[in-house]
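Residue 21 in the UniProt record's numbering sits at position 21 of the sequence shown, and the numbers go up by one each step.
Quick reminder that beta carbons are idealized off the backbone N, C-alpha and C, glycines included.
None of the values given here were measured: they were computed from a predicted structure.
Below: one structure, written as structure tokens.
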Amino acid sequence: MTRLVLGCMRIEGLDDGAVRALVDTALDVGITTFDHADIYGSTRHACERRFGEAAGLTGARREQAVIQTKVGIREGYYDFSREHVRRSVDESLEALRVDHVDVLLLHRPDALADPDDVAETLDGLVREGKVRAIGVSNHTASQIELLARSLPHPVVANQMQLGLGHAPMIAAGLAANVAGLDQSVDRDGGVLDACRLRGVTVQAWSPFADAQGRIVLGDREHHADLNDALDEIAAAHDVTPTAVATAWITTHPAGMQVVVGSTRPERIREAAPGADLRLSRPEWYRLTAAAGYAIP
1 MTRLVLGCMR IEGLDDGAVR ALVDTALDVG ITTFDHADIY GSTRHACERR
51 FGEAAGLTGA RREQAVIQTK VGIREGYYDF SREHVRRSVD ESLEALRVDH
101 VDVLLLHRPD ALADPDDVAE TLDGLVREGK VRAIGVSNHT ASQIELLARS
151 LPHPVVANQM QLGLGHAPMI AAGLAANVAG LDQSVDRDGG VLDACRLRGV
201 TVQAWSPFAD AQGRIVLGDR EHHADLNDAL DEIAAAHDVT PTAVATAWIT
251 THPAGMQVVV GSTRPERIRE AAPGADLRLS RPEWYRLTAA AGYAIP
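As structure tokens, then:
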């Protein structure tokens, strides 16, 4: 399993050469997983279509790649109905120009979904060879359990927002049982530990953004202490702050993957060393504190 994933939600406006440069850079640095969703782009499947047209993943390159996509978000509501899931998967296959996706993620929990029906739909897609593996995105621990109870295949991934700028799934555990501290509130049912117990890989999306969507790297107006720490630790390891922010996630023993959604090949190269960099405990906790989390 590669520790980094290339997020493809912003590639719609790139020309063929730029898409291929991004894919080639990813493969060069060892990234083999490419993340999509049916809703990425100005119209449904637009980014998947751009990737299918330009990426050139055929033959041995296709065998090397893990292509994953997501389904379930519609305009104003969520939809895990059999009709929508099956239709959207077929449309994704056509747009991506592949005969199967390696991983299909349920994008956001559909409160009106019957887990038995969803599991039956997903099982059918696996049996037909259209999907190789099943995952989820933005799901709590109990939501994963509810699906897994009926699904005859393992849930392999849960994609969640995580990074130094937005880390409640880690920070809550650091402040467990501390009264009066907002950080100690468990908002996801202990999803990180639950995923570890079940063998579900957490994929961290928007790893360089804060809760307001601002990129924390270089943002000294809102994240001065964090950037001081990132710069000093980066210099000590002869890497970029991007690599250190990546390593803050990959150093965690949960074996998480980091979804890097940049359209700039240089950003991919900056992040790549973070996949193998292991921060020391003082470095990891210094970054955590500098990001504004309490270390009681």
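DSSP has residue i in a bridge; who is on the other side?
{"i": "Asp35", "result": "Gly7, Gln68"}
{"i": "Tyr78", "result": "Ile73"}
{"i": "Gln159", "result": "Ser137, Gln203"}
{"i": "Ile268", "result": "Partner(s): none; Ile268 has no beta bridge."}
{"i": "His166", "result": "Gly163"}
{"i": "Ile144", "result": "Beta-bridge pairing links Ile144 to no other residue."}
{"i": "Leu105", "result": "Lys70, Gly135"}
{"i": "Ala209", "result": "Ile215"}
Going by beta-carbon coordinates alone, are residue i and residue j separated by less than 8 Å?
{"i": "His100", "j": "Arg61", "result": "no"}
{"i": "Leu6", "j": "Ile268", "result": "yes"}
{"i": "Ala234", "j": "Leu192", "result": "no"}
{"i": "His45", "j": "Cys8", "result": "no"}
{"i": "Gln161", "j": "Ser92", "result": "no"}
{"i": "Leu104", "j": "Thr69", "result": "yes"}
{"i": "Ser142", "j": "Gln159", "result": "no"}
{"i": "Leu4", "j": "Val258", "result": "yes"}
{"i": "Leu174", "j": "Ile249", "result": "no"}
{"i": "Ala243", "j": "Pro282", "result": "no"}
{"i": "Met256", "j": "Ala211", "result": "no"}
Alpha carbon to alpha carbon, how far is residue i from residue j?
{"i": "Gly72", "j": "Asp110", "result": "7 Å"}
{"i": "residue 299", "j": "Asp79", "result": "An answer regarding residue 299 cannot be provided, because it is not within the stretch 1 to 296 covered by the chain."}
{"i": "Val155", "j": "Gly199", "result": "8 Å"}
{"i": "Ala291", "j": "Leu226", "result": "5 Å"}
{"i": "Leu57", "j": "Leu279", "result": "34 Å"}
{"i": "Gly129", "j": "Tyr77", "result": "28 Å"}
{"i": "Ile144", "j": "Tyr40", "result": "24 Å"}
{"i": "His222", "j": "Ser88", "result": "40 Å"}
{"i": "His252", "j": "Phe34", "result": "22 Å"}
{"i": "Ala209", "j": "Arg82", "result": "34 Å"}
{"i": "Ala271", "j": "Asp231", "result": "14 Å"}
{"i": "Leu287", "j": "Glu94", "result": "43 Å"}
{"i": "Phe51", "j": "Arg97", "result": "9 Å"}
{"i": "Leu197", "j": "Gly17", "result": "42 Å"}
{"i": "Ala157", "j": "Val66", "result": "13 Å"}
{"i": "Glu75", "j": "Asp102", "result": "26 Å"}
{"i": "Gly180", "j": "Gly135", "result": "35 Å"}
{"i": "Thr246", "j": "Ala26", "result": "15 Å"}
{"i": "Gly165", "j": "Tyr293", "result": "10 Å"}
{"i": "Arg49", "j": "Ile31", "result": "20 Å"}
{"i": "Gln64", "j": "Asp276", "result": "20 Å"}
{"i": "Ala224", "j": "Ala54", "result": "39 Å"}
{"i": "Gly218", "j": "Pro241", "result": "9 Å"}
Got a sec, what are the start and stop residues for the beta strand (DSSP E) residue i sits in?
{"i": "Val259", "result": "257-260"}
Kindly indicate the opening and closing residues of the alpha helix (DSSP H) around residue i.
{"i": "Asp116", "result": "115-127"}
{"i": "Val98", "result": "From DSSP, Val98 is part of no alpha helix (DSSP H); its letter is neither H nor E."}
{"i": "Thr263", "result": "Taken as a continuous stretch (DSSP letters only), Thr263 belongs to no alpha helix (DSSP H), as it is neither H nor E."}
{"i": "His153", "result": "Neither: His153 is in no alpha helix (DSSP H) and is coded neither H nor E."}
{"i": "Tyr285", "result": "281-290"}
{"i": "Gly17", "result": "16-28"}
{"i": "Asp193", "result": "191-198"}
{"i": "Asp110", "result": "Premise fails: Asp110 is in no alpha helix (DSSP H) and is neither H nor E."}
{"i": "His237", "result": "220-237"}
Q.
Under 8 Å, with one C-beta from each stretch per pair, do the segment 149-164 and the segment 110-123 reach the 3-pair mark?
A. yes
Q: Pair every Cβ in the segment 258-266 with every Cβ in the segment 5-25, then say whether three or more of these pairs are closer than 8 Å.
A: yes
Q | contact_flag[the segment 187-199, the segment 159-179] where n(CB pairs < 8 Å) is 3 or more | A | yes
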